[in-house]
Amino acid sequence: MGAREPHHPLDFLTNPERFMVFSRWAAPMFGAVAIVLAVAGLVLTFAAPEDYQQGDTVRMMFIHVPAAVISMFVYLCLGIASLLSLVFRHALADAAAVACAPLGAAFT
């Protein structure tokens, strides 16, 4: 008998059924945190002072740059999830790839 391999604390989430149970309570919680952070970001965007050269037009970068970074990250996640789905035939990787596609398109 060999020694047991150490397990990662999040290994239980690789089971699709356990992941769905976890996501039923975690998704609303993360959604609430995202709404609070989005409102705070919007308030801080309008509270930022004008730029001395460009005036109010510099505030476009507060939306444009994060949206571009998020879209590139989502497309990276889409590629990784698709690769994992093709190589390992894991159901959650396929579901993640399907979920990433419209999100990446929305941020593009």
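Taking the working numbering, the leading residue of the sequence shown gets -4, the next gets one more, and so forth.
Even for Gly, the Cβ is constructed at its ideal location relative to N, Cα and C.
Since we're looking at a predicted model, the values are computed, not measured.
Three-state secondary structure (DSSP) of residue i
i, result
"LEU5", "coil"
Span separating the alpha-carbon of residue i from that of residue j
i, j, result
"THR52", "MET15", "43 angstroms"
"MET56", "ALA33", "15 angstroms"
"PHE17", "GLN48", "49 angstroms"
"ASP89", "ASN10", "13 angstroms"
"ALA76", "LEU8", "15 angstroms"
"SER80", "LEU5", "19 angstroms"
Residue i versus the options, residue with shortest Cα-Cα distance
i, options, result
"TYR70", "VAL82, VAL93 and ALA86", "VAL93"
"VAL38", "HIS2, LEU5, ILE58 and PRO4", "ILE58"
"GLU12", "PHE102, ALA86 and THR103", "ALA86"
Exercise for the section: Would you mind listing the beta strand (DSSP E) stretches within the stretch 11 to 82 that are 3+ residues and don't spill past its ends, in chain order? Expected result: none
Exercise for the section: Tell me, please, whether the stretch 56 to 74 touches the stretch 94 to 101 by the rule of three or more beta-carbon pairs shorter than 8 angstroms. Expected result: yes
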